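> Chain order of the listed sequences is A and B.
All residue numbers in the first sequence are consecutive under the numbering used here, ending with 691.
All residue numbers in the second sequence are consecutive under the numbering used here, ending with 1382.
By construction, the Cβ of each residue, glycine as well, lies at the ideal position given by its N, Cα and C atoms.
Since the structure is predicted, the reported quantities are computational estimates derived from the model, not experimental observations.
My structure is below; once you've seen it, I'll send some questions.
2 protein chains.
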Amino acid sequence: MSANPFAAQREQLEDLCKRRFFYRPAFEIYGGTAGFWTYGPPGCAVKNNLIALWRKHFVIEEALMEIEDTNIMPHPVLKASGHVDRFSDFMVKDTKNPNLFYRADKLLEDHMEALMAAKGTTPEQREEYEKVKNMADGYSREELHGVLLKYAVKSPDTKNDLSEPYEFNLMFPTPIGPSGMMQGYLRPETAQGIFLNYPFCYEQNGGQMPFGVAQIGKAFRNEIAPRQGLLRQREFTQAEIEFFCKPGDKPHPKFAAVADLELRLFSSPQQLAAQPPSHRALGDAVGERLIANETLGYFIGRTFLLARRAGIRAEHIRFRQHLPTEMAHYACDCWDMEVEMSYGWVECVGIADRSAYDLTSHAGATGKELNAREKLETPITEEGFVLAKKASALIGKDFKAQAKPINAALAALASDALAALAAKAQADGSAEIEIDGGEKVSLTAAHLDGKVEAKTVHERVYVPNVVEPSFGIDRLLTAIYEHSYYVREGGAGDDEDKGKGSAVRAVLRLTPEVAPYKCVICPLDGRVAGAYGPVLERLRQRFAALGVQYKVDETSATVGKRYARNDELGIPFGVTVDFDTLDAKHALHDTVTLRERDSTEQLRLPVGEVADAISKVCFGSLDWAGLCAAYPTQDQAKAGSSAAGGDSISFLKAHQVEKLLNAAVNDAVDKRPADPIKFIAEQLLALPRIG
Amino acid sequence: MSANPFAAQREQLEDLCKRRFFYRPAFEIYGGTAGFWTYGPPGCAVKNNLIALWRKHFVIEEALMEIEDTNIMPHPVLKASGHVDRFSDFMVKDTKNPNLFYRADKLLEDHMEALMAAKGTTPEQREEYEKVKNMADGYSREELHGVLLKYAVKSPDTKNDLSEPYEFNLMFPTPIGPSGMMQGYLRPETAQGIFLNYPFCYEQNGGQMPFGVAQIGKAFRNEIAPRQGLLRQREFTQAEIEFFCKPGDKPHPKFAAVADLELRLFSSPQQLAAQPPSHRALGDAVGERLIANETLGYFIGRTFLLARRAGIRAEHIRFRQHLPTEMAHYACDCWDMEVEMSYGWVECVGIADRSAYDLTSHAGATGKELNAREKLETPITEEGFVLAKKASALIGKDFKAQAKPINAALAALASDALAALAAKAQADGSAEIEIDGGEKVSLTAAHLDGKVEAKTVHERVYVPNVVEPSFGIDRLLTAIYEHSYYVREGGAGDDEDKGKGSAVRAVLRLTPEVAPYKCVICPLDGRVAGAYGPVLERLRQRFAALGVQYKVDETSATVGKRYARNDELGIPFGVTVDFDTLDAKHALHDTVTLRERDSTEQLRLPVGEVADAISKVCFGSLDWAGLCAAYPTQDQAKAGSSAAGGDSISFLKAHQVEKLLNAAVNDAVDKRPADPIKFIAEQLLALPRIG
């Protein structure tokens, strides 16, 4: 087992995150409450930027429908989804101190890890312990009880015996309305809100399949023992997609775009045999059915691309297949994107094929039709349950005016459902059907007389399957911070204080897209304070117009110290307004220094262009190398300035040419000359020379 | 009273919003639960866009710190804020049917309105009834009981007598943790999370005042009788700002930027005298102290500008001052931005000066210092309570090792607090003080002996005041929809079906910035299907790269019908890919039609430029008139096409000149010629002619 590269830095990083208020425990002035965290200004900005990136990557690029459902949901919804009955963890109590609770599976995992690490453990034992650890959250209550006894697991705080495991439902309950009689819960996942609105989204999509629906929002789990920072919160943010598709092969039209991605896959058989994961091309893994289908594979690939784009390092990403014991009984395949961090490999995204389970459950609970209908180009003949003519006649006779809605309700049933209804009437003497308006009508076996026979079918009615990528936003944030953190050796190249002390020069290598502020503006100390105000105002206005978040650091610290302080915030660019900027007689007048965080390279740009240049680099239409090609370095510019009009300076002036060019083009638009190129060239030549 | 211009359209608009799934009742397949709504794809997109606009307008332009605190908060926080004791409405029950609950103040308001509208009501009576109605939510329990009896208000459903009013707390309670012993609530407002984090934000701001902190998120109120669509939800979205500033005049450095705004102000005296509101310049209203201070006035102005930018019509906006009876006892002034909609004038934003109330409450409950400290440039002498020397000596003698932390704790107290402590010790014989580490120490009157005398002060310590603009996002959305809805007379100009029927041609005039999709792409029917795919893909990729949401309407309906359908969604632009676009031999090859929703004007643009043009118009760097100046109309382009190379077409070709220009400029950047203008002009002249 190779050493975890992130464990050693955790304490420093956590200190940074608290000190600079990326996040800290919520209600801290009240002493805090486990499992609740507050995102401070930079942390909130990074989170918003990650969500904006997710929206662009999925909602816009995959043309998903995004909805917003409620946090509070009534009992029947979560009863049907299975959460009321099964959304629970096993707890154990200390038998002599019933105020000490533990989550049984986590206790078992910790215990197995300790055994694996113990001196004198044989390789065979280690393999056994690892298997038990991997199975920990898949055991039934009885199995868990047996395993805890077998390995003599005790209360970690007191070494007392533990109680038998018992279930604790993780949903937060709350009553709805003034009577207090309607039970509600805070949603344990955002997914259920999507299932409830399937028919309305299907309608908005013009009845076409497949399509995906997304929801981003809070979810709530009343964790027994929250720990590990942002990883296990009682209130956290999910971004979930339900991609509704036809059961069967589940091909995806854009699969080819991700087929060549090489991913580290950790299959269920590999885990059970305690073998390591292996690198596979996504196309091969789907081709061999290691991954169940193209749609599942497509979202695995897109998830990997999102993580990389957000700044999570590819070499610390793996996709782990669920073991048969941990997979929900209805899922046909499920892969977690796990990211290596200081806490080990952590599940950040789950990508599951949930088949038709959820829609079927809600259809059953509500009696509503949650189907898709596909018109067949050529009608086909198939076996199905068909009502006998005399049965219809009997309905007409017995129900009179109600016969029509009854027949419509029967016609809307799928063949299987109709056969089941008839069988029930046969067995129980009668069976109920709900007709339009909600009234229930009881039918006898004679009303439902019929048999299986060949019939012509013009459309296929089916319950859509779903592929569900489910993102834990807060866990991705933890991965981003851990993978971005580094300590600059010996201070930055631009650090005036370098070598003067041993202070840690921490940097967050956040990508410009997720960085909380894109730029810090640092005026050099007050030498030319009067002229500085208008320059700052010009920069402020342009950043605000572009919607680019920035910070101003007007403290009197050295610029090196200020850079170091803002490196901690992950700010990719620094703009220094110096004496040369403000001195109208100087060759570098009206230009500023632009410094890049990681390379510490510095360029010299006109004040009027710097905000646009930063915006372009942050939102992807240009990169730092492109900027370096377009502008002189600080050293080149300074050299040019001392050489009074050298190459770089004349180039800089050339850059102001753009305004003149635009004027000439606009003139061409107005006058519409026959040969616009020639017209523009002539306009330019006619200008007074600026060389 | 002038007729409400929005009431007549409400039913049609609500139908549209449900039919196109802007929003609909939540859990609808389960029969719904009052007060909960789901935002569907276009509604969710409009909401996200409004929030993005709010962030740009406030967080970026005002340089606020945005934080994200939790939805669930523990009991002590909401006890200190006053919500546990006072966040309640008065309910009344039907005395004979205790399952019928009513909110007493709303019942009274409805009753007064009915009396005002009744035949035979005299002007004097009407004035009396209106005053009672305006006071309805300001009465105490006893007053309310008296008024309900005086006007003989009965159960509206049964006409039975009503119970006495009783309080119902509107917070949703939920237990935290597995023991069930820790009481939590869903937050009733996002503001409290900001107050809790004041000291950490103050620290991040380098101890400088003033500064503002924002939070956007859900808030929860267990309404007794939710009604009026999105206006009174049990779960809703707030965007709140706490602007922390020094007590006193509260000047704002940017006030001049809003001083000239003419707003409709409805002052408290005007309301009490049943007079109409009046138009005032914001600068005058603050100058005369009608609005308490510049900071309050500044945020009133910025709020108005946001509303207008979001598409709320200025002539239906007014700012109503709270009556003394409705204002919280700690607030010194409060104004609501009310918007006229079909439900009447509705509070959408509250802008209050909450003084130091909240920070003082939380400081009292936690014993934490929630102060600001201002170093005085020159120390001043002022009267203050000073401990006698012998008192300090006594502390040293009595407490030994503890004397130092006790003295530190006493020194940290403001003069007033120290005097109060001494007075308490005098009165009760002793008083407690918390020292570092949380231990409480009891001091006697002798330990706290001292008197008021002149002393030299080097810094000012104060509890910051807050000005709080609090936005109800869902109410703003309702206003946006109601103010955007109109019915196109006789069909659109481009509507092939116009005059064929009486179908309502509804349009949402959403501003491009908040519109759910910025563009709909409509291919004309399948005539040239083969060539269409690549054009669509080019458009898709460019829209996705720009982060611009778009829709594709590939149905076979006439283009007029498709425009009508997408006008309902408020989509500002339509792009039509037609035969001319796809025919390589045609003069209009590779150009598309761009249609603007409200004017129905149509321009002809190159495929490669249309996404960028739309993005610029939607995000403010260009307007429709600017686009019209840059591109030919559809008619001009068609005419040019038939004239084979006429003026408009040569202009279109001239537009492709930009690429050539860019190439010449890049060449200049590489080669850095002495006279770049001349160099570029010569490059252009050397190009092969395209005329």
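1) For a contact defined as C-beta to C-beta under 9 Å, what are the partners of proline 767 of chain B on chain A?
2) Just to confirm my understanding: we take methionine 807 of chain B, look at its own chain, exclude 5 residues before and 5 after, and list those with CB closer than 6 Å. What are they?
3) Per DSSP, what are the beta-bridge partners of histidine 970 of chain B in this structure?
4) Looking only at its chain, what residues have a beta carbon closer than 7 Å to the beta carbon of threonine 729 of chain B, apart from the 5 residues adjacent to it on each side?
5) I'd like to know if proline 41 of chain A contacts chain B, where contact means its C-beta is closer than 9 Å to some C-beta of that chain.
6) Per DSSP, which residues does aspartate 801 of chain B bridge with? Please list them.
7) For tyrosine 462 of chain A, list the residues DSSP reports as bridge partners.
8) On the DSSP bridge assignment, give the partners of asparagine 169 of chain A in chain order.
9) When DSSP labels each residue in this structure, what does glycine 1192 of chain B get in the three-state scheme?
10) With DSSP as the reference, label phenylalanine 792 of chain B as helix, strand or coil.
11) Short of 8 Å Cβ to Cβ, which residues in the segment 1039-1059 of chain B face chain A?
12) Aspartate 449 of chain A and lysine 390 of chain A - do their beta-carbons sit closer together than 9 Å?
13) Would you say phenylalanine 727 of chain B lies against chain A (beta-carbon separation less than 9 Å)?
14) Tell me the rounded alpha-carbon separation between cysteine 1023 of chain B and lysine 1209 of chain B.
15) Run the CB neighbour count on glutamate 68 of chain A, radius 10 Å, all protein chains shown included, and call it buried at 16 or more, exposed below.
16) Any beta carbon of chain A sitting closer than 9 Å to that of glutamine 895 of chain B?
17) For lysine 709 of chain B, write down the residues that DSSP places opposite it in a beta bridge.
18) Between the segment 76-93 of chain A and the segment 163-174 of chain A, do three or more beta carbon pairs fall short of 8 Å?
19) Spatial neighbours of alanine 403 of chain A within its chain, please: C-beta separation below 7 Å, excluding the five flanking residues on both sides.
20) Measuring straight from C-alpha to C-alpha, what distance separates phenylalanine 36 of chain A and alanine 1054 of chain B?
21) CB proline 670 of chain B to CB phenylalanine 172 of chain A, shorter than 9 Å?
22) Compare the beta carbon distance of aspartate 1258 of chain B and valine 1198 of chain B with 9 Å and say whether it is the shorter of the two.
23) Under three-state DSSP, which class holds threonine 894 of chain B?
24) Measure the C-alpha to C-alpha separation of phenylalanine 665 of chain B and isoleucine 1305 of chain B and round it to an integer number of angstroms.
25) Just the C-alpha distance for proline 1323 of chain B and glutamate 1287 of chain B, rounded to the nearest angstrom, thanks.
26) Whose Cβ in chain A lies nearer than 7 Å to the Cβ of glutamate 752 of chain B?
27) For serine 430 of chain A and glutamate 800 of chain B, what's the separation of their Cα atoms in angstroms?
28) Is the beta carbon of isoleucine 241 of chain A sitting closer than 9 Å to the one on leucine 413 of chain A?
29) Could you round the C-beta distance between glutamate 757 of chain B and alanine 7 of chain A to whole angstroms and report it? I think they count as a contact, below 8 Å.
30) In chain order, what residues of the same chain have a beta carbon less than 8 Å from the beta carbon of asparagine 197 of chain A, not counting five sequence neighbours either side?
31) Using alpha carbons as the reference points, say which of B:Pro1160, B:His1277, B:Arg1295 lies closest to alanine 1043 of chain B.
32) For the alpha helix (DSSP H) containing glutamine 683 of chain A, list its first residue and its last residue.
33) Report all residues from its chain with a CB closer than 6 Å to the CB of valine 977 of chain B; omit the five preceding and five following residues, and keep chain order.
34) Pick from B:Met1028, B:Gly837, B:Ala694, B:Glu979: whose alpha carbon is nearest that of leucine 996 of chain B?
35) Assign asparagine 740 of chain B to one of two classes, buried (16 or more other C-beta atoms within 10 Å of its C-beta) or exposed (fewer than that).
36) In whole angstroms, what is the alpha-carbon distance linking leucine 1230 of chain B and alanine 257 of chain A?
So, from the listed chains and residues:
1) Counting from one through the second sequence, the residue named residue 767 of chain B turns up at place 76. Chain-ordered, the chain A residues with CB closer than 9 Å to the CB of proline 767 of chain B read Phe27, Tyr30, Gly31.
2) Taking the second sequence and counting its residues from 1, one reaches residue 807 of chain B at position 116. Taken in chain order, the residues that qualify are Arg817, Tyr820.
3) To locate residue 970 of chain B, count along the second sequence from 1; it is residue 279. Per DSSP, B:Arg955.
4) Counting from 1 along the second sequence, the entry for residue 729 of chain B is found at position 38. Excluding positions up to five away in sequence, the list reads Tyr714, Arg715, Ala717.
5) Here residue 41 of chain A is taken as the residue at index 41 of the first sequence, counted from 1. It does: the Cβ of proline 41 of chain A has a partner Cβ on chain B nearer than 9 Å.
6) Residue numbering aside, residue 801 of chain B sits at position 110 when the second sequence is read from its first letter. Partner(s): none; aspartate 801 of chain B has no beta bridge.
7) Mapped onto the first sequence, residue 462 of chain A falls at position 462. In DSSP, tyrosine 462 of chain A forms a bridge with A:Ala372.
8) Locating residue 169 of chain A in the first sequence gives position 169, counting from the first residue. Residue pairing by DSSP places asparagine 169 of chain A opposite A:Ser88 in a beta bridge.
9) On the second sequence, position 501 is the one that residue 1192 of chain B refers to. Annotation note: pLDDT 46 at glycine 1192 of chain B (below 50); position unreliable, no value reported.
10) What you label residue 792 of chain B is simply residue 101 of the second sequence in a count that begins at 1. The three-state reading of DSSP puts phenylalanine 792 of chain B in strand, counting E and B together.
11) Legend: CB atoms of the segment 1039-1059 of chain B lying less than 8 Å from CB atoms of chain A belong to residues His1053, Ala1056, Thr1057, Lys1059.
12) Sequence index remark: in the first sequence, residue 390 of chain A carries index 390 (1-based). Sequence index remark: in the first sequence, residue 449 of chain A carries index 449 (1-based). In this structure, lysine 390 of chain A sits near aspartate 449 of chain A, with a CB-CB distance shorter than 9 Å.
13) Along the second sequence, read from residue 1 onward, the residue named residue 727 of chain B stands at position 36. Yes, phenylalanine 727 of chain B lies at the interface with chain A (some Cβ there is under 9 Å from its Cβ).
14) Walking along the second sequence from the start, residue 1023 of chain B turns up at place 332. Walking along the second sequence from the start, residue 1209 of chain B turns up at place 518. Looking at the backbone, the Cα of cysteine 1023 of chain B and that of lysine 1209 of chain B are separated by about 43 Å.
15) Locating residue 68 of chain A in the first sequence gives position 68, counting from the first residue. That one is buried.
16) In the second sequence, the residue the question calls residue 895 of chain B occupies position 204. Chain A, which has a Cβ nearer than 9 Å to the Cβ of glutamine 895 of chain B, makes this yes.
17) Within the second sequence, the letter at position 18 stands for residue 709 of chain B. Looking at the DSSP output, lysine 709 of chain B shares a beta bridge with no other residue.
18) In short, these stretches touch, since the Cβ pair count reaches three.
19) As a position in the first sequence, residue 403 of chain A is number 403, starting the count at 1. Excluding positions up to five away in sequence, the list reads Ile395, Gly396.
20) Taking the first residue of the first sequence as 1, we reach residue 36 of chain A at position 36. Taking the first residue of the second sequence as 1, we reach residue 1054 of chain B at position 363. The alpha-carbon atoms of phenylalanine 36 of chain A and alanine 1054 of chain B are separated by roughly 21 Å.
21) The structure shown does not extend to residue 670 of chain B, since chain B is modelled only from 692 to 1382, so the question has no answer here.
22) Locating residue 1258 of chain B in the second sequence gives position 567, counting from the first residue. Locating residue 1198 of chain B in the second sequence gives position 507, counting from the first residue. For aspartate 1258 of chain B and valine 1198 of chain B, yes; Cβs fall inside 9 Å.
23) On the second sequence, residue 894 of chain B is found 203 positions in, with the first residue counted as 1. It should be pointed out that residue 894 of chain B corresponds to glutamate in this sequence rather than to threonine. Correct three-state label for glutamate 894 of chain B: helix.
24) Residue coverage of chain B in this structure runs from 692 to 1382, which leaves residue 665 of chain B outside it and unanswerable.
25) What you label residue 1323 of chain B is simply residue 632 of the second sequence in a count that begins at 1. What you label residue 1287 of chain B is simply residue 596 of the second sequence in a count that begins at 1. Our two residues, proline 1323 of chain B and glutamate 1287 of chain B, have alpha carbons roughly 14 Å apart in a direct line.
26) Mapped onto the second sequence, residue 752 of chain B falls at position 61. Residues of chain A whose Cβ lies closer than 7 Å to the Cβ of glutamate 752 of chain B are, in chain order, Ala544.
27) Taking the first residue of the first sequence as 1, we reach residue 430 of chain A at position 430. Taking the first residue of the second sequence as 1, we reach residue 800 of chain B at position 109. Straight across, the Cα-Cα distance linking serine 430 of chain A with glutamate 800 of chain B is about 53 Å.
28) Counted from its first residue, the first sequence places residue 241 of chain A at position 241. Counted from its first residue, the first sequence places residue 413 of chain A at position 413. For isoleucine 241 of chain A and leucine 413 of chain A, no; Cβs fall outside 9 Å.
29) Position 66 of the second sequence, counted from the start, is the residue given in the question as residue 757 of chain B. Position 7 of the first sequence, counted from the start, is the residue given in the question as residue 7 of chain A. Not confirmed; about 32 Å, so no contact.
30) Reading the first sequence from its first residue, position 197 is the one you call residue 197 of chain A. Answer for asparagine 197 of chain A: Ile67, Asp69, Val213, listed in chain order.
31) The residue labelled residue 1043 of chain B in the question sits at position 352 within the second sequence. Nearest C-alpha to alanine 1043 of chain B: B:Pro1160.
32) As a working note, residue 683 of chain A is residue 683 in the first sequence. Unbroken alpha helix (DSSP H) run through glutamine 683 of chain A: 676-686.
33) Looking up residue 977 of chain B in the second sequence gives position 286. For valine 977 of chain B, where only same-chain residues beyond five positions count, the Cβ hits under 6 Å are Glu985, Gly988.
34) The sequence position of residue 996 of chain B within the second sequence is 305, counting from 1. Leucine 996 of chain B has its Cα closest to that of B:Met1028, out of B:Met1028, B:Gly837, B:Ala694, B:Glu979.
35) Locating residue 740 of chain B in the second sequence gives position 49, counting from the first residue. By the neighbour-count criterion, in which a residue is buried when 16 or more other Cβ atoms sit within 10 angstroms of its Cβ, asparagine 740 of chain B is buried.
36) Reading the second sequence from its first residue, position 539 is the one you call residue 1230 of chain B. Reading the first sequence from its first residue, position 257 is the one you call residue 257 of chain A. Taking C-alpha positions only, leucine 1230 of chain B is separated from alanine 257 of chain A by approximately 18 Å.
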